[in-house]
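*Asks:* Chains as they are written, first to last, in our numbering: chain A, 1 to 215; chain B, 1001 to 1107. Glycine residues also receive a C-beta, built at the ideal position from the N, C-alpha and C atoms. Quick caveat: nothing in here was measured; it's all calculated off a predicted structure. Right, I'll just put the structure down here and ask away after.
Right, here's the structure in full:
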């Protein structure tokens, strides 16, 4: 759901750019802590994988496609702050190297997918794994959080379009939520499959997985 | 992470970005579909504000559409691997970051 330039009014994209810069500053400061050496190549791999997976549009109902956003995937491995920076870096490269997503609205795209999507999706995931502290519960939390990240991003995107006066807010919100509720299922399936696989092979790479959890 | 594990991870990403990418659905994504349906897709600015480098995930100068997508995916995946690596490395070195206790190849 990369916004192109033209969908948002100048005050809205300017406001989004300002908020995005603030959020990136906070994420950078927070990411400077909690670091293990393996996090460095792992961040590279996650950036590469999220970019690659975003190229794979999968068909959903009604002649529409969707692709992975990857925010919760990155956050499950790296924590929410570095996860947010991973998605931001992907969006920045897509914007300037591939002309995917507008330049003026880059802040809005970062805000929607890297900050709001990753942040709210991660919060639901963190809550879920706390209330259901088993391996199944953890994976269910991964699925729920990743689904929610897509829906939350879509809602933010719709509100920005509405506030810009491009199209009425209510209708845009309804349409964006209904299509992304389905695309989110793809997000949940891919994210859960990847996390499940890595938990079998190298559980220590999944830094949010609590070691005391019973299998 | 061992070098072999890093290469496996990067290899999977490259496989997705370079081999699977031509198979992706060409249907409009959720936002485009909504914009088409409600008729505001025409508001999208066609000409990007910055120079076109690899527009539409197709490497310029390659005739075959699939190959152009594959090469674009390969390049982008590599750029993001090194970009992500540099980002994390930079965060570690920045003031307030923790320095590694062990050399990278042992961690």
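So that I know if they touch, is there some Cβ in chain D lying closer than 7 Å to that of residue 174(A)?
*Replies:* Absence of chain D from the displayed structure is noted, the protein chains being A and B.
*Asks:* Among 81(A), 102(A) and 49(A), which residue has its Cα nearest to the Cα of residue 69(A)?
*Replies:* Of the listed residues, the one whose Cα sits closest to residue 69(A) is 49(A).
*Asks:* Which residues in the same chain as residue 286(A) place their Cβ atom closer than 6 Å to its Cβ, once the five residues preceding and following it in sequence are excluded?
*Replies:* Since the first residue of chain A shown is 1 and the last is 215, residue 286(A) is not available in this structure.
*Asks:* Which residues in chain A have a C-beta closer than 9 Å to the C-beta of residue 1006(B)? List them in chain order.
*Replies:* Neighbours of residue 1006(B) on chain A, chain order: 41, 42, 44 and 45.
*Asks:* List the residues of chain A whose Cβ lies closer than 9 Å to the Cβ of residue 1067(B), in chain order.
*Replies:* Result: empty, since nearest Cβ-Cβ is about 14 Å, beyond 9 Å.
*Asks:* For residue 71(A), which three-state DSSP category applies?
*Replies:* Three-state DSSP puts residue 71(A) in a helix.
*Asks:* Determine whether the Cβ of residue 1001(B) lies closer than 7 Å to any Cβ atom of chain A.
*Replies:* Yes, because at least one Cβ of chain A sits closer than 7 Å to the Cβ of residue 1001(B).
*Asks:* Assuming the contact rule is C-beta atoms closer than 8 Å, residue 153(A) and residue 110(A) should be a hit. Round their C-beta distance to whole Å, please.
*Replies:* Going by Cβ atoms, the distance from residue 153(A) to residue 110(A) rounds to 11 Å, so no, they are not a contact pair.
*Asks:* Please list the partners that residue 1084(B) has in chain A, where partner means a Cβ-to-Cβ separation under 8 Å.
*Replies:* What residue 1084(B) touches in chain A: 43, 44, 45, 46, 47, 48, 86 and 89.
*Asks:* State the Cα-Cα distance for the pair residue 216(A) and residue 1066(B), rounded to the nearest angstrom.
*Replies:* It is not possible to answer for residue 216(A), since the shown part of chain A is limited to 1 through 215.
*Asks:* Are there three or more Cβ pairs, one per stretch, closer than 8 Å when the segment 1070-1086 of chain B is compared with the segment 1051-1060 of chain B?
*Replies:* Because the criterion of three Cβ pairs below 8 Å is met, the segment 1070-1086 of chain B and the segment 1051-1060 of chain B touch.
*Asks:* According to DSSP, which residues form a beta bridge with residue 264(A)?
*Replies:* Residue 264(A) lies beyond the range of chain A shown here (1 to 215); nothing can be said about it.
*Asks:* In terms of DSSP beta bridges, what is residue 10(A) paired with?
*Replies:* Paired residue(s): none; residue 10(A) is not in a bridge.
*Asks:* Considering only heavy atoms of the ligand FMN, does any lie closer than 6 Å to the CB of residue 116(A)?
*Replies:* Among the components of this structure there are no ligands whatsoever, and the ligand FMN is therefore not found.
*Asks:* Residue 1089(B) to residue 12(A), Cα distance in whole Å?
*Replies:* Roughly 34 Å between the two C-alpha positions.
*Asks:* Around the C-beta of residue 1082(B), are 16 or more other C-beta atoms found within 10 angstroms, so that it is buried, or is it exposed?
*Replies:* Residue 1082(B) comes out exposed.
*Asks:* Quick check: is the beta carbon of residue 9(A) nearer than 7 Å to any beta carbon in chain B?
*Replies:* For residue 9(A), the answer is no, since every Cβ of chain B falls outside 7 Å of its Cβ.
*Asks:* With a 10 Å radius around its C-beta and 16 neighbouring C-beta atoms as the bar for buried, classify residue 1106(B) as buried or exposed.
*Replies:* The predicted model places residue 1106(B) with a pLDDT of 46, which falls under 50 and marks its position as unreliable, so this point remains unresolved.
*Asks:* Quick one: give me the first and last residue of the alpha helix (DSSP H) that residue 302(A) is part of.
*Replies:* Outside the modelled stretch of chain A, which goes from 1 to 215, sits residue 302(A), for which no answer is possible.
*Asks:* Measure the beta-carbon distance from residue 43(A) to residue 82(A) and round it to whole angstroms, keeping in mind my assumption that it falls under 8 Å.
*Replies:* 6 Å between Cβ atoms; contact.
*Asks:* Check whether chain A comes within 7 Å of residue 1043(B), counting only Cβ atoms and requiring the distance to be less than that.
*Replies:* At least one chain A Cβ lies under 7 Å of residue 1043(B).
*Asks:* Taking 7 Å as the CB-CB limit, is residue 1070(B) close to chain A?
*Replies:* Taking Cβ atoms only, chain A never reaches closer than 7 Å to residue 1070(B), which makes this a no.
*Asks:* Listed from N- to C-terminal order along the chain, which residues in the segment 10-33 of chain A have their beta-carbon within a distance smaller than 9 Å of any beta-carbon of chain B?
*Replies:* Listed by position along the chain: 28, 29, 31, 32 and 33.
*Asks:* Just tell me which of 37(A), 27(A), 45(A) and 21(A) has its CA closest to the CA of residue 80(A).
*Replies:* Measuring from the Cα of residue 80(A), the nearest candidate turns out to be 27(A).
*Asks:* Would you call the CB atoms of residue 1077(B) and residue 53(A) closer than 7 Å?
*Replies:* Going by C-beta atoms, residue 1077(B) is not nearer than 7 Å to residue 53(A).
*Asks:* Sort 87(A), 194(A) and 136(A) by Cα distance to residue 24(A) and report the nearest one.
*Replies:* Cα-wise, what sits closest to residue 24(A) is 87(A).
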